[in-house]
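**Student:**
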Amino acid sequence: MREQKIYLHASGPLVALVGNPNCGKTALFNLLTGSRQKVANYAGVTVERKEGLMRLASGQPLRVLDLPGTYSLYPRSEDERITCDVLMGRALGERRPQVLVCVVDATNLRKGLRLVLAVKRLGLPCIVALNMSDLAAKRGLHIDTQALSEALGLPVVSTVAVQSQGHAALNEWLENASWQTPNPEALPVTDALNHSPETDHRVVQDILRRLSLDTLLPDAVSDQLDRVLLHPLVGPLILVVVLFLIFQAVFTWAVPPMDAIKEATAWLADQAVAHLPETWWRSLLADGLIAGLGGVIVFLPQIVILFFFILLLEESGYLPRAAFLLDRIMGSVGLSGRSFIPLLSSFACAIPGIMATRTIANERDRMVTILIAPLMTCSARLPVYALLIGAFIPPREVFGLALQGLVLFVLYLVGIVGAMLVAWVLKRLTRGGQLSRPLMMELPAYHVPSLRNLVIGLRQRVRIFMHRVGGTIMALTLALWFLASYPSAPDNATRPAIEYSYAGWLGHTLENVFAPIGFNWQISIALVPGMAAREVAVSSLATVYAISSSKDNTAEALSPILAQQWSVATALSLLAWFVFAPQCLSTLAAIKRETGGWKMPLIATTYLFALAYAAAWITYRWALWMGWG
Amino acid sequence: MILVYDGLMNLDTAPLTTPLRVKCVLSDVLNEERARQLEEIGFLPNEQVSVMTRAFPGGDPMVVRVGMSTFALRRAEARCIELDSLDDHA
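From first to last, the protein sequence lines stand for chains A and B.
Numbering (numbering that gives the first Met the number 0) for the first sequence: 0 to 628.
Numbering (numbering that gives the first Met the number 0) for the second sequence: 0 to 89.
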């Protein structure tokens, strides 16, 4: 199993980076390890685990672990608990680190040093890295590292994570110090928790006073920016513009590369068909492998664009402020502001949206967001909506508005309202929803995003998607190809080949289930390969109705046949079905990957199918009653 | 309104951008964790605080400066923090 691939750089001693959130710890980690990083999850939880490999000048390899940021060793959340567990040597499947690098934001010593004191009590060899020391100097803070080192009783070095040689002093210490001797597992775990933060606070204040660093020098630029960006009226307006830009980018900028990928896939498949003998493996290659690979890669443009913006917002410090501004709206359905961007991007595609839920710190909120993300009307539903609306909704005007457009709007709205209702019900029903969850979210000083951190972050998202989600999507596409191709049609077949296959048999069986909501056997069959992606339902309907068409005019050719053979009630019922049904195995694969188990994808599949069935049933009955049968 | 800092002021009702001092964090029976967490992120006695801004409408959540750090807090969280005037301990 892939989850087990934790010890990738098993050679070399383990160095752990520990520090407050937003102290530049991950930037320092990126500087130390460059591209030699492995991102996985900690055993049994969905907390991201980042390990990298660095080499000292002597050639000595070191494994570097970037622990989740924490304010204290008294954990508030699951990530903070992981940090504590690793430091105390009791995390599942983790070795206790041999040396700790305690990263402190040099511009905010009072907060960082409290953690340093707590970490020091753990008894592991430890060095303090005063990060962002260039910013501190610029603000007129002159830190005497020698004196600070004496006061803390720990070695102290200055680092600048955004400079290419900003880690020189740290490397030198790691090279020369004799920290490698003790066996960390043998060290006793001191009672680090039963310590009042007040005592440490007094010690820190005392140290700062002695080094004359106890003046408060807040970042003037950040404060000025916040006066505008967090303004009660102007702030939300700017946020709307930012969100609109992101939505536009994910929705429209991604279209040309996605079209190019689709065309290239189709061309490759055509080439395979044209140049290879007609055998079972030609079909496997063209309709299975190439189509499957194309189906994975096609998500990349949206993922890259969305994460480019999210990383930009995160690096610059705006993301928590956006969450602050949206907190009240999302709070009404039991979520926090952090859920907004993942949900917004789910309108383009649920997969980048589900991957983006990693920015939600609260576990319950993250799970609820993942569960409702598939209800946002993604772009793959549009071909289905367009086909059915074109065939069944007359192009006339109602109250001066085009009826077809109105129906499309209602479909979007039903998805949003459905998602809000589900979140609201979960707020009522779950214990976690009843509790008022803490916000206590830090708004860090603004920073100019660094290109290195952007590139490393983007590459990680792409790799996670390709390695983990991609494999599952590929396997499922192949399975669906098999279902739709075997057993093959007999030589004297009179009906479309798919009817003789397992998918055909499955469709005929499903017809009994779907008859009460007005689906005929053709729809039932088309829904089986349509599990690969929603828009596939259009081409599989064409296959079932034996339309021999080129790729461009499938919908055009299909539209009159459907209009003739289906009742309006059936069409409306199918539309309602597509608002809710999890007709997308890629989404379910992403949910499984991001939640680290089968529980959430099973819950999502069950409740979405149940909602879809209920919605389609109500729609069908209502349409029959209206006389549209 | 005349502001009298008699030790009865809590952070949720504190005036905007006025530097004040943390007196103590009240332990809430229903939410014991909350007080500890507020202390862990820096709301400790004698630390300087001020309210930077409040969300519109309703003033919830709010942005608070404590020491050198800035935090977004819900009103209910801010209510746990009891304040003193700045010069009492200066």
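Every residue, glycine too, gets a C-beta built ideally from N, C-alpha and C.
Note that the structure is a prediction, hence the values are computed from the model and not measured.
1. Which complete alpha helix (DSSP H) runs does the region 570 to 618 of chain A hold, if anything under 4 residues is left out?
2. Whole angstroms is fine: what's the gap from G33/A's alpha carbon to S157/A's?
3. Between which two residues does the beta strand (DSSP E) harbouring N40/A extend?
4. Kindly confirm or deny that the region 216 to 236 of chain A and the region 51 to 66 of chain B touch, where touching means at least three C-beta pairs closer than 8 Å.
5. Restricting to Cα atoms, I'd like to know which of Q162/A, L112/A and H166/A is closest to G152/A.
6. S71/A versus chain B: which residues are under 7 Å apart at the beta carbon?
7. Can you tell which of L134/A, Q247/A, E149/A and W279/A has its C-alpha closest to the C-alpha of V220/A?
8. For a contact defined as C-beta to C-beta under 8 Å, what are the partners of F323/A on chain B?
9. Who are the Cβ neighbours of Y485/A in its own chain at under 7 Å, not counting the five residues just before and after it?
10. Tell me which residues of the region 194 to 206 of chain A have at least one Cβ-Cβ distance to chain B shorter than 7 Å, keeping chain order.
11. Do G316/A and H446/A have their C-beta atoms closer together than 8 Å?
12. When we look at the beta-carbon of L13/A and count the other beta-carbons within 10 Å, is it buried (16 or more) or exposed?
13. For A285/A, I'd like the list of residues in its chain whose CB is within less than 6 Å of its CB, leaving aside the five on either flank, ordered along the chain.
14. Taking the DSSP output, what are the residues bridged to D213/A?
15. Could you give the uninterrupted runs of the beta strand (DSSP E) lying entirely in the region 72 to 113 of chain A, keeping only those of 3 residues or more?
16. Mapping DSSP to helix, strand and coil, what is G293/A?
17. Considering Q164/A, what are the terminal residues of the beta strand (DSSP E) in which it resides?
18. Are M131/A and A168/A closer than 8 Å when you measure CB to CB?
19. Roughly how many angstroms separate the alpha carbons of S548/A and L381/A, rounded to a whole number?
20. Name the one or two DSSP bridge partners that L19/B has.
21. Among the candidates W279/A, F577/A, L242/A and I328/A, whose CA atom is the shortest distance from the CA of I309/A?
22. What residue ranges within the region 451 to 525 of chain A form continuous alpha helix (DSSP H) runs of no fewer than 4 residues, ordered along the chain?
23. Nearest CA to the CA of S572/A: which residue from Y384/A, P394/A and I497/A?
24. Consider the Cβ of E31/B: report whether some Cβ of chain A lies at a distance smaller than 8 Å.
25. Please report the straight-line C-alpha distance between A15/A and L25/B, rounded to a whole angstrom.
26. Strictly by DSSP, which residues pair up with I126/A?
27. Please state the DSSP three-state secondary structure of L8/B.
28. As a quick exercise: from G469/A, D222/A and Q459/A, pick the residue whose alpha carbon is nearest that of K49/A.
29. May I ask whether a heavy atom of the ligand GDP can be found less than 7 Å away from the beta carbon of N361/A?
30. May I ask you to list, following chain order, the residues of the region 89 to 107 of chain A that have a beta carbon less than 8 Å from some beta carbon of chain B?
31. Does the separation of the CB atoms of S345/A and M375/A fall below 8 Å?
32. Rounded to whole angstroms, how far is the Cβ of P196/A from the Cβ of E38/B, which I believe are closer than 8 Å?
33. Applying a beta-carbon distance threshold of less than 8 Å, which residues of chain A neighbour S68/B?
34. Taking the alpha-carbon positions, what's the L27/A to E81/B distance?
35. Does the region 579 to 594 of chain A come into contact with the region 519 to 532 of chain A, if we say contact requires no fewer than three beta-carbon pairs (one atom in each stretch) closer than 8 Å?
36. Can you grab the Cα-Cα spacing for the pair R33/B / L72/B, in whole Å?
**Tutor:** In this structure, then:
1. Within the region 570 to 618 of chain A, the complete alpha helix (DSSP H) segments of 4 residues or longer fall at 584 to 594, listed in chain order.
2. The residue given as residue 33/A occupies position 34 in the first sequence. The residue given as residue 157/A occupies position 158 in the first sequence. Distance between the alpha carbons of G33/A and S157/A is about 19 Å.
3. Walking along the first sequence from the start, residue 40/A turns up at place 41. Annotation: the continuous beta strand (DSSP E) that includes N40/A extends over Q36 to N40.
4. Contact between the region 216 to 236 of chain A and the region 51 to 66 of chain B is present, because at least three Cβ pairs lie under 8 Å.
5. Taking the first sequence and counting its residues from 1, one reaches residue 152/A at position 153. Looking at the Cα atoms, L112/A is the closest of the given residues.
6. In the first sequence, residue 71/A corresponds to position 72, counting from 1. E39, listed in chain order.
7. Walking along the first sequence from the start, residue 220/A turns up at place 221. The shortest C-alpha separation from V220/A is found at L134/A.
8. What you label residue 323/A is simply residue 324 of the first sequence in a count that begins at 1. Near F323/A (Cβ distances below 8 Å), the residues of chain B are A54, P60, V62 and A71.
9. Here the question's residue 485/A lines up with position 486 in the first sequence. These residues qualify, in order along the chain: S500 and Y501.
10. Per Cβ criterion, the list reads P196, E197 and H200.
11. For the purposes of this step, residue 316/A is identified with residue 317 of the first sequence, where counting begins at 1. For the purposes of this step, residue 446/A is identified with residue 447 of the first sequence, where counting begins at 1. H446/A is positioned such that its CB atom lies closer than 8 Å to that of G316/A.
12. Reading the first sequence from its first residue, position 14 is the one you call residue 13/A. A residue is called buried when at least 16 other Cβ atoms come within 10 angstroms of its Cβ; L13/A meets this threshold and is buried.
13. What you label residue 285/A is simply residue 286 of the first sequence in a count that begins at 1. Listed in chain order, the non-local C-beta contacts of A285/A below 6 Å within the same chain comprise A268, A271 and V272, local neighbours out to five positions each way being set aside.
14. By one-based count along the first sequence, residue 213/A stands at place 214. For D213/A, no pairing in a beta bridge is given by DSSP.
15. Segments of the beta strand (DSSP E) lying fully in the region 72 to 113 of chain A: 98 to 104.
16. Within the first sequence, the letter at position 294 stands for residue 293/A. Correct three-state label for G293/A: helix.
17. Start at 1 with the first residue of the first sequence, and residue 164/A comes out as number 165. Note, Q164/A: premise wrong, no beta strand (DSSP E); not H, not E.
18. For the purposes of this step, residue 131/A is taken as residue 132 along the first sequence, with counting starting at 1. For the purposes of this step, residue 168/A is taken as residue 169 along the first sequence, with counting starting at 1. No, Cβ-Cβ distance for M131/A and A168/A is not below 8 Å.
19. The residue labelled residue 548/A in the question sits at position 549 within the first sequence. The residue labelled residue 381/A in the question sits at position 382 within the first sequence. Caution applies to S548/A, whose pLDDT of 49 falls short of 50 and renders its modelled position unreliable; the value that the coordinates give is listed next. Their backbone Cα atoms lie some 20 Å apart in a straight line.
20. Reading the second sequence from its first residue, position 20 is the one you call residue 19/B. Partner(s): V48/B.
21. Numbered from 1 along the first sequence, position 310 holds the residue referred to as residue 309/A. The candidate whose alpha carbon is nearest that of I309/A is L242/A.
22. If only uninterrupted alpha helix (DSSP H) runs of at least 4 residues are considered, those enclosed by the region 451 to 525 of chain A are 469 to 484 and 501 to 513.
23. Along the first sequence, one-based indexing puts residue 572/A at 573. Out of Y384/A, P394/A and I497/A, the CA that lies nearest to the CA of S572/A is found in Y384/A.
24. Counted from its first residue, the second sequence places residue 31/B at position 32. Output row for E31/B: interface = no.
25. For this step, residue 15/A is matched to residue 16 along the first sequence. For this step, residue 25/B is matched to residue 26 along the second sequence. Going by C-alpha positions, A15/A is about 35 Å away from L25/B.
26. Within the first sequence, the letter at position 127 stands for residue 126/A. V100/A, per the DSSP bridge assignment.
27. Mapped onto the second sequence, residue 8/B falls at position 9. Checking the sequence, you will find Met at residue 8/B rather than Leu. In this structure, M8/B counts as coil in the three-state DSSP scheme.
28. Within the first sequence, residue 49/A is the residue found at index 50, counting from 1. Ranking G469/A, D222/A and Q459/A by Cα distance to K49/A puts Q459/A first.
29. Only the bare structure without any ligand can be found here, which leaves the ligand GDP out of the picture.
30. Closer than 8 Å at the C-beta level to chain B, one finds these residues of the region 89 to 107 of chain A: T106 and N107.
31. As a first step, residue 345/A is located in the first sequence; it is residue number 346 there, counting from the start. As a first step, residue 375/A is located in the first sequence; it is residue number 376 there, counting from the start. One thing to note: S345/A has its Cβ within 8 Å of the Cβ of M375/A.
32. Taking the first sequence and counting its residues from 1, the one referred to as residue 196/A is at position 197. Taking the second sequence and counting its residues from 1, the one referred to as residue 38/B is at position 39. For a cut-off of 8 Å, the C-beta gap from P196/A to E38/B is around 5 Å, short enough to register as a contact.
33. As a working note, residue 68/B is residue 69 in the second sequence. Contact annotation for S68/B against chain A: N107, K110 and E441 [CB-CB distance below 8 Å, chain order].
34. As a working mapping, residue 27/A is identified with position 28 in the first sequence. As a working mapping, residue 81/B is identified with position 82 in the second sequence. Spanning the two alpha carbons is a distance of roughly 37 Å.
35. Yes, since at least three Cβ pairs between the region 579 to 594 of chain A and the region 519 to 532 of chain A fall closer than 8 Å, the two stretches touch.
36. In the second sequence, residue 33/B corresponds to position 34, counting from 1. In the second sequence, residue 72/B corresponds to position 73, counting from 1. R33/B and L72/B: Cα-Cα distance of roughly 11 Å.
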